[in-house]
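Mapping to numbering that gives the first Met the number 0: the sequence shown position 101 is 100, numbers consecutive.
The structure under discussion appears below in the form of structure tokens.
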Amino acid sequence: MHSDLFASENVVTPASAPGMTLQNAKSVKYAVDGECFARQGSMVAYRGDLQFEKQGQGVGKFLKRAVTGEGLALMAVRGRGEVWFAHEAANCFIVDLAPGDGLTVNGRNVLCFDPSLSYEISTVKGAGMTGGGLFNSVFTGHGKLAVMCEGNPLVIPVSPQAPVFVDTDAVVGWTASLKTSLHRSQSLGSMLRGGSGEAVQLRLDGEGFVIVRPSELRPEKAAGN
Numbered sequence: 000m001h002s003d004l005f006a007s008e009n010v011v012t013p014a015s016a017p018g019m020t021l022q023n024a025k026s027v028k029y030a031v032d033g034e035c036f037a038r039q040g041s042m043v044a045y046r047g048d049l050q051f052e053k054q055g056q057g058v059g060k061f062l063k064r065a066v067t068g069e070g071l072a073l074m075a076v077r078g079r080g081e082v083w084f085a086h087e088a089a090n091c092f093i094v095d096l097a098p099g100d101g102l103t104v105n106g107r108n109v110l111c112f113d114p115s116l117s118y119e120i121s122t123v124k125g126a127g128m129t130g131g132g133l134f135n136s137v138f139t140g141h142g143k144l145a146v147m148c149e150g151n152p153l154v155i156p157v158s159p160q161a162p163v164f165v166d167t168d169a170v171v172g173w174t175a176s177l178k179t180s181l182h183r184s185q186s187l188g189s190m191l192r193g194g195s196g197e198a199v200q201l202r203l204d205g206e207g208f209v210i211v212r213p214s215e216l217r218p219e220k221a222a223g224n
């Protein structure tokens, strides 16, 4: 049988070591030897001896909240084998966190992560009264985190001399050490969203970076997550 479908870049190969790698721009392969955590419903294929368990309240560090963001539930994957994660053909990126690093990520952009990482659920300071009500996960520790983004993300440096202002529906994540607050730009009300009067953005101050999707979250996706 012959087809471009079987080009080498489309054919998966066995993992050489445990952990996550990019399968391609739209999916992550995780070679499980123990456990990992992922967004519920993100498994698209697996092979090996793996069990999938919905994470509920009362299970270890999930006691405080059983979601990683705006309605995003987690599942644990346990055993030995390979599993592929993806979500609606969003672009996938792997972030390798070292001790001392911290990354705040919107729950809807979390795909999977190593069990060695710790995270805390928090309301974004200054953004609790915005349209979405931002509940983000702050990831710390040593390990890998896979995030996803519709389209190619914008990674914008933030410095004390140059704070960055972002639409709360477009932000993916930012350096955890950055300070957040609401910024009201009333003079922009007639220009934003075609004159709908939206005039509130999230302001980030400090030293680090912010990750922004190249579009705002669509209402139907917000309702489904």
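The C-beta atom is built at its ideal place from N, Cα and C for all residues, glycine as well.
Check whether the Cβ atoms of residue i and residue j lie closer than 9 angstroms to each other.
{"i": "S26", "j": "V10", "result": "no"}
{"i": "L181", "j": "G207", "result": "no"}
{"i": "V171", "j": "V104", "result": "yes"}
{"i": "E52", "j": "N90", "result": "no"}
{"i": "L21", "j": "F92", "result": "yes"}
{"i": "C111", "j": "A37", "result": "yes"}
{"i": "L116", "j": "G142", "result": "yes"}
{"i": "L73", "j": "Q39", "result": "yes"}
{"i": "I155", "j": "V209", "result": "yes"}
With DSSP as the reference, please indicate the residues paired to residue i in a beta bridge.
{"i": "Q54", "result": "DSSP output for Q54 lists no bridge partner at all."}
{"i": "E119", "result": "V137"}
{"i": "T267", "result": "As displayed, the chain neither begins before 0 nor continues past 224, which places residue 267 out of reach and without an answer."}
{"i": "R79", "result": "D32, D48"}
{"i": "V199", "result": "R183"}
{"i": "L177", "result": "According to DSSP, which records beta bridges pairwise, L177 is partnered with nothing at all."}
{"i": "P156", "result": "F208"}
{"i": "S26", "result": "N23"}
Check residue i in the structure and name its three-state DSSP category.
{"i": "F208", "result": "strand"}
{"i": "G40", "result": "coil"}
{"i": "L96", "result": "strand"}
{"i": "S7", "result": "helix"}
{"i": "E219", "result": "For E219, the predicted structure reports a pLDDT of 46, less than 50, and the residue's modelled location is therefore unreliable. A value from the coordinates is still provided. Three-state result, E219: helix."}
{"i": "N108", "result": "helix"}
{"i": "N151", "result": "coil"}
{"i": "A89", "result": "coil"}
{"i": "T12", "result": "coil"}
{"i": "S214", "result": "coil"}
{"i": "G18", "result": "strand"}
For residue i and residue j, what's the separation of their Cα atoms in angstroms?
{"i": "S2", "j": "G205", "result": "52 angstroms"}
{"i": "A6", "j": "V211", "result": "33 angstroms"}
{"i": "T167", "j": "M0", "result": "49 angstroms"}
{"i": "D113", "j": "Q200", "result": "32 angstroms"}
{"i": "L144", "j": "R202", "result": "25 angstroms"}
{"i": "V109", "j": "Q160", "result": "30 angstroms"}
{"i": "Y29", "j": "S214", "result": "28 angstroms"}
{"i": "V76", "j": "A97", "result": "23 angstroms"}
{"i": "L49", "j": "A16", "result": "17 angstroms"}
{"i": "P152", "j": "V146", "result": "11 angstroms"}
{"i": "R183", "j": "S158", "result": "20 angstroms"}
{"i": "P162", "j": "W173", "result": "12 angstroms"}
{"i": "C35", "j": "P13", "result": "18 angstroms"}
{"i": "F164", "j": "T179", "result": "10 angstroms"}
{"i": "G33", "j": "G78", "result": "5 angstroms"}
{"i": "N135", "j": "S121", "result": "6 angstroms"}
{"i": "G140", "j": "A169", "result": "26 angstroms"}
{"i": "Y118", "j": "G99", "result": "13 angstroms"}
{"i": "V31", "j": "M19", "result": "8 angstroms"}
{"i": "Q54", "j": "H86", "result": "19 angstroms"}
{"i": "A229", "j": "A175", "result": "Nothing can be reported for residue 229: it is not among the residues displayed for the chain, which extend from 0 to 224."}
Any contact of the stretch 30-46 with the stretch 78-92, i.e. 3+ C-beta pairs under 8 angstroms?
yes
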